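Chemist: Following the working numbering, the numbering of the sequence shown begins with 90 at its first residue and continues without gaps.
Virtual Cβ for every residue (Gly too), placed ideally from N, Cα, C.
Keep in mind the model is a prediction, meaning the values are calculated, not measured.
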Amino acid sequence: MNRILYVPLDERACNYEFPALLAGMTEDVALVEPPVGWMGFKKKPADIDALWAWLFENAGQCSHAILSVDTLVYGNIINSRTHHRPLEACMETLSRFTELKRKNPELSIHAFNLVARVAAYDSAAEDPDYWASYGRKIWRYACLTDKAERGEADEAERGECAALRREIPDGVLDDFLARRAVDRAVNLACVDLVRDGVFDVLTVPKDDTAEYGYAALDQMAIAKRVRELRLPDRVFVYPGADEVGSVLFARVFNQIKNYRPRIYVRYSSVYGPFIVPRYEDRPLQEGIKAQITSLGGVVLDAPGDSDCMLAVNSPGKHMIESVEQYTKDLTFSTHLNLNELFRYMRYYHEEYGRPVGLAEVSVANGCENDCMELGLLTGTYDYLTAVGGWNTAQNTIGVVLAQLVIASYYNGFCGRPEQLRRSEEFMASRLASDWLYQSNVLHRYLVETAGTVDPYALGRHYGDAAEYFRHGLQALLDEKFTAGIRGRRPIVDTLQFQWDGIFYIRLHVRLEEVLRAEGTKEKTDTGE
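1. Please classify residue 612: is it buried, with 16 or more other beta-carbons within 10 angstroms of its beta-carbon, or exposed?
2. Have a look at residue 341 and residue 419 and give me their C-alpha separation to the nearest angstrom.
3. Is residue 328 near residue 298, with beta carbons less than 7 Å apart?
4. List, from N- to C-terminal side, the alpha helix (DSSP H) runs of 4 residues or more that fit wholly inside the region 176 to 208.
5. Span of the alpha helix (DSSP H) holding residue 157?
6. As an exercise, report each continuous beta strand (DSSP E) stretch of at least 3 residues that is fully enclosed by the region 431 to 514, in chain order.
7. How many Å lie between residue 582 and residue 346 at the Cα?
8. Give me the Cα-Cα distance between residue 372 and residue 486, rounded to the nearest whole angstrom.
9. Under the assumption that residue 247 contacts residue 291 (Cβ atoms under 8 Å), give the Cβ distance between them as a whole number of angstroms.
10. If you draw a straight line from the C-alpha of residue 540 to the C-alpha of residue 550, how long is it?
11. Starting from residue 341, follow the alpha helix (DSSP H) in both directions and report where the run begins and ends.
12. Output needed for residue 220: all residues of its chain with C-beta closer than 8 Å, excluding positions within five of it in sequence on either side, in chain order.
13. Between the beta-carbon of residue 566 and the beta-carbon of residue 579, is there less than 7 Å?
14. At least one CB of chain B closer than 7 Å to the CB of residue 393: is that the case?
15. Tell me where the beta strand (DSSP E) around residue 388 begins and ends.
16. Below 8 Å on the Cβ atoms is my guess for residue 483 versus residue 332; work out the distance and round it to an integer in Å.
17. Report the rounded CA-to-CA distance for residue 180 versus residue 279, giving the unit in angstroms.
18. Pick from 556, 602, 554, 559: whose alpha carbon is nearest that of residue 574?
19. Cα-Cα, which of 538, 586, 554, 202 is closest to residue 337?
20. Is the Cβ-Cβ distance between residue 356 and residue 403 less than 7 Å?
21. In the DSSP output, which residue or residues are listed as bridge partners for residue 107?
22. Can you list, in chain order, the residues of its chain with a C-beta nearer than 7 Å to that of residue 117? Leave out the 5 residues immediately preceding and following it.
23. Classify residue 169: buried if its beta carbon has 16 or more other beta carbons within 10 angstroms, exposed otherwise.
24. Can you tell which of 218, 222, 250, 216 has its C-alpha closest to the C-alpha of residue 231?
25. Pick out whichever of 455, 449, 454, 502 has its Cα sitting closest to the Cα of residue 474.
26. Between residue 552 and residue 530, which are expected to be in contact by the criterion C-beta below 8 Å, what is the C-beta distance as a whole number of angstroms?
27. My output table needs one value for residue 419: the three-state DSSP class, helix, strand or coil.
28. With H, G and I counted as helix, E and B as strand and the rest as coil, what does DSSP make of residue 587?
29. Can you name the start and end residues of the alpha helix (DSSP H) that residue 306 belongs to?
30. Using the Cα positions of residue 544 and residue 593, report the straight-line distance between them to the nearest angstrom.
31. Are the Cβ atoms of residue 434 and residue 400 separated by less than 7 Å?
32. Please classify residue 265: does DSSP put it in a helix, a strand, or coil?
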């Protein structure tokens with residue numbers, strides 16, 4: 090049994106549970122994680138000292154480690170944006186990675202360290218408290234400052250930048266910039282750890298990024314250091330965050346198996362590969378290539394030579410939020426062709442008999458309902474291996490790819506009923522979470538409770554909200570999947586809100602029963 094140490098970005102299911110569920114689809118790769126109670130909660134940091142002690146205790150029994158620098162230095166993803174740790178303390182903590190490698194020289198360390206985001210809206214839910222009043226202004230000021238320094242800002246933009254600077258209090262901007270300087274120094278020090286042989290590979294996901302701003306400036310500094318140290322093949326920088334644990338697990342799995350997945354990618358729209366998704370800084374196709382490279386695969390143009398297919402429902406002309414899809418423009422019909430994409434998915438499945446995954450990224454923070462409904466009408470979910478459509482494009486693509494390449498290694502889990510069941514339930518959970526929850530029940534709840542319930546802090550409304558979502562989600566599963574998923578009824582087994590809000594959930598769907606054509610039901614052993 091191959092054992093992999095894993096310290097996630099935080100305690101949310103996408104970071105803490107998804108890689109473990111992927112490990113459950115393998116036969117001989119185990120993920121070793123610290124207790125979830127040590128991982129902190131939202132703005133409360135993880136117990137850093139306990140995590141480091143745990144690492145040193147368990148490293149000797151593992152061949153690989155997937156480690157979040159943000160968790161082990163700041164406490165979690167949010168604390169990378171809110172901490173007040175001095176640079177000296179951060180550097181002292183970073184030195185522990187060197188000590189870990191010195192004591193465990195055979196341990197292959199795959200570290201990841203975010204370029205901290207600069208959120209483009211006013212909300213302190215996941216950022217410093219002053220972000221509620223000055224978040225968008227700081228974001229805009231950062232973009233215009235960067236643009237001006239590049240000599241690309243026009244007169245109006247330079248005037249706007251000066252006006253914004255007067256509106257942002259000195260203390261607020263000083264706090265933000267001081268933390269930013271520390272975070273950048275940690276980013277650069279992590280590159281040095283690759284040079285020193287402490288990290289085998291460093292992944293630097295860019296969290297909610299854009300073409301201009303402080304994240305772009307940070308990437309320039311990192312890219313310069315990578316060039317100077319000649320490390321472009323061991324330091325990967327690309328958009329993402331919450332998918333990285335899953336992607337790096339798939340990478341280590343591929344290394345253990347000496348497997349280089351060949352992935353055929355097909356889009357629903359001609360312009361789709363070249364559209365820059367929301368919260369990202371590069372064309373969609375470049376983000377996908379970065380994810381495939383990161384997990385150790387290659388993009389293949391010839392479908393017949395590929396191991397699996399990634400089908401991408403890409404934007405026709407521009408990306409929108411899932412909540413905006415009810416008033417979407419005509420380009421969602423004229424500039425993409427869903428019928429062709431789904432017909433080809435079935436052709437690929439029938440012609441080559443290899444796994445197919447669907448990444449629905451025409452909208453952000455959920456799925457586009459017409460796309461997912463077409464999946465029902467065409468029977469796509471009867472043979473599909475992986476599906477997703479949540480948060481950002483690269484969050485979606487990374488998780489879909491991770492499940493897809495593991496399935497492709499095992500030939501679609503042929504002859505492995507337990508691994509197949511786990512994979513199917515993971516896919517069913519993504520259908521429920523990404524499509525039915527985020528793009529249906531969540532939208533209704535926000536409309537019905539507007540002004541009465543804070544969606545970021547449910548408080549006393551937690552119980553009522555949990556009942557609302559459980560009931561609404563189960564009703565939609567029964568309505569949409571009348572014949573079940575793979576002939577079994579999807580049951581909402583676990584539904585928990587995380588961070589006391591409705592935007593992050595821990596959800597598990599169990600495929601419980603066999604539905605027979607004549608209407609009778611037969612209980613099956615699902616291993617629960």
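Modeler: Straight from the coordinates:
1. For the purposes of this step, residue 612 is taken as the residue at position 523 of the sequence shown. Here residue 612 scores only 46 on pLDDT, less than 50, and its place in the model should not be relied on; the value that follows carries that caveat. It is exposed - the Cβ of residue 612 has fewer than 16 other Cβ atoms within 10 Å.
2. For the purposes of this step, residue 341 is taken as residue 252 along the sequence shown, with counting starting at 1. For the purposes of this step, residue 419 is taken as residue 330 along the sequence shown, with counting starting at 1. Going from the Cα of residue 341 to the Cα of residue 419 covers about 43 Å.
3. For the purposes of this step, residue 328 is taken as residue 239 along the sequence shown, with counting starting at 1. For the purposes of this step, residue 298 is taken as residue 209 along the sequence shown, with counting starting at 1. Closer than 7 Å, so yes.
4. 176 to 192
5. As a working mapping, residue 157 is identified with position 68 in the sequence shown. Here residue 157 belongs to no alpha helix (DSSP H); instead the beta strand (DSSP E) covers 153 to 157.
6. 445 to 449, 475 to 477
7. Along the sequence shown, read from residue 1 onward, the residue named residue 582 stands at position 493. Along the sequence shown, read from residue 1 onward, the residue named residue 346 stands at position 257. Rounded to the nearest angstrom, the two C-alpha atoms are 33 Å apart.
8. To locate residue 372, count along the sequence shown from 1; it is residue 283. To locate residue 486, count along the sequence shown from 1; it is residue 397. Between residue 372 and residue 486, the C-alpha separation is close to 14 Å.
9. As a first step, residue 247 must be located in the sequence shown, where it is residue number 158. As a first step, residue 291 must be located in the sequence shown, where it is residue number 202. That belief does not hold up - the Cβ atoms of residue 247 and residue 291 are roughly 36 Å apart, past 8 Å.
10. Residue numbering aside, residue 540 sits at position 451 when the sequence shown is read from its first letter. Residue numbering aside, residue 550 sits at position 461 when the sequence shown is read from its first letter. So the two alpha carbons sit approximately 13 Å from each other.
11. Position 252 of the sequence shown holds residue 341. Element bounds for residue 341: 333 to 346.
12. Along the sequence shown, read from residue 1 onward, the residue named residue 220 stands at position 131. So the qualifying residues of the chain are 208, 211, 212, 213, 227.
13. Position 477 of the sequence shown, counted from the first residue, corresponds to residue 566. Position 490 of the sequence shown, counted from the first residue, corresponds to residue 579. A contact, by the Cβ cut-off of 7 Å.
14. Protein chains in the displayed structure number just one, and chain B is not present.
15. Against the sequence shown, residue 388 aligns to sequence position 299. It spans 387 to 389 - the beta strand (DSSP E) in which residue 388 sits, taken as one unbroken run.
16. Residue mapping note: residue 483 aligns to position 394 of the sequence shown, counting from 1. Residue mapping note: residue 332 aligns to position 243 of the sequence shown, counting from 1. The Cβ separation is near 6 Å, so the contact holds.
17. Start at 1 with the first residue of the sequence shown, and residue 180 comes out as number 91. Start at 1 with the first residue of the sequence shown, and residue 279 comes out as number 190. Spanning the two alpha carbons is a distance of roughly 10 Å.
18. For this step, residue 574 is matched to residue 485 along the sequence shown. For residue 574, the nearest C-alpha among the options comes from 602.
19. Here residue 337 corresponds to residue number 248 of the sequence shown, with the count starting at 1. Closest option to residue 337, Cα to Cα, is 202.
20. Sequence index remark: in the sequence shown, residue 356 carries index 267 (1-based). Sequence index remark: in the sequence shown, residue 403 carries index 314 (1-based). Yes, they are a contact pair.
21. Taking the first residue of the sequence shown as 1, we reach residue 107 at position 18. The partner list for residue 107 (beta bridge, DSSP) is empty, contrary to what the question assumes.
22. Position 28 of the sequence shown, counting from 1, holds the residue named residue 117. Within the same chain, residue 117 has close Cβ partners 90, 91.
23. Residue 169 sits at position 80 when you count from the first residue of the sequence shown. Buried is the call here.
24. Indexing the sequence shown from 1 puts residue 231 at position 142. Nearest option by C-alpha distance: 250.
25. Looking up residue 474 in the sequence shown gives position 385. Of the candidates 455, 449, 454, 502, the one whose C-alpha sits nearest the C-alpha of residue 474 is 502.
26. Translated into positions along the sequence shown, residue 552 becomes position 463. Translated into positions along the sequence shown, residue 530 becomes position 441. Between residue 530 and residue 552 the Cβ distance is about 16 Å, and since that is not below 8 Å, they are no contact.
27. Residue mapping note: residue 419 aligns to position 330 of the sequence shown, counting from 1. Residue 419: coil per DSSP, three-state reduction.
28. Position 498 of the sequence shown, counting from 1, holds the residue named residue 587. DSSP places residue 587 in coil when its eight states are reduced to three.
29. Residue numbering aside, residue 306 sits at position 217 when the sequence shown is read from its first letter. It spans 303 to 318 - the alpha helix (DSSP H) in which residue 306 sits, taken as one unbroken run.
30. Looking up residue 544 in the sequence shown gives position 455. Looking up residue 593 in the sequence shown gives position 504. Going by the C-alpha atoms only, they are around 10 Å apart.
31. Residue 434 sits at position 345 when you count from the first residue of the sequence shown. Residue 400 sits at position 311 when you count from the first residue of the sequence shown. Yes, the pair counts as a contact, with Cβ atoms nearer than the cut-off.
32. Stepping through the sequence shown from its first residue, residue 265 is reached at position 176. Of the three classes helix, strand and coil, the one that applies to residue 265 here is helix, per DSSP.
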